[in-house]
């Protein structure tokens, strides 16, 4: 979403920076996934943030490819 919006406004999604800010309650025992990122172990919170970064990077790559080929983004079947 961020990448496709940036392309529509003439911005390069590669140079945009996104700050992910969470203020979780750290626990010693794992919590159910639906509670992450509000609470969880350090490993759960770190995993959530790593996944979010990967999704954002994938969105940026897909939006750039779509812009280069003139296809709509997000692509269907994603």
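In our numbering, the protein residues as written are 2 to 79. Ideal placement from N, C-alpha and C gives every residue a C-beta, glycine not left out.
| query | result |
| --- | --- |
| Confirm, please, whether the CB-CB distance from residue 25 to residue 44 is below 8 Å. | no |
| DSSP three-state label for residue 26, please. | strand |
| Assuming residue 17 and residue 7 make a contact with CB atoms under 8 Å, what is their CB distance in whole Å? | 6 Å |
| Run the CB neighbour count on residue 33, radius 10 Å, all protein chains shown included, and call it buried at 16 or more, exposed below. | exposed |
| Are the beta-carbon atoms belonging to residue 31 and residue 49 less than 8 Å from one another? | no |
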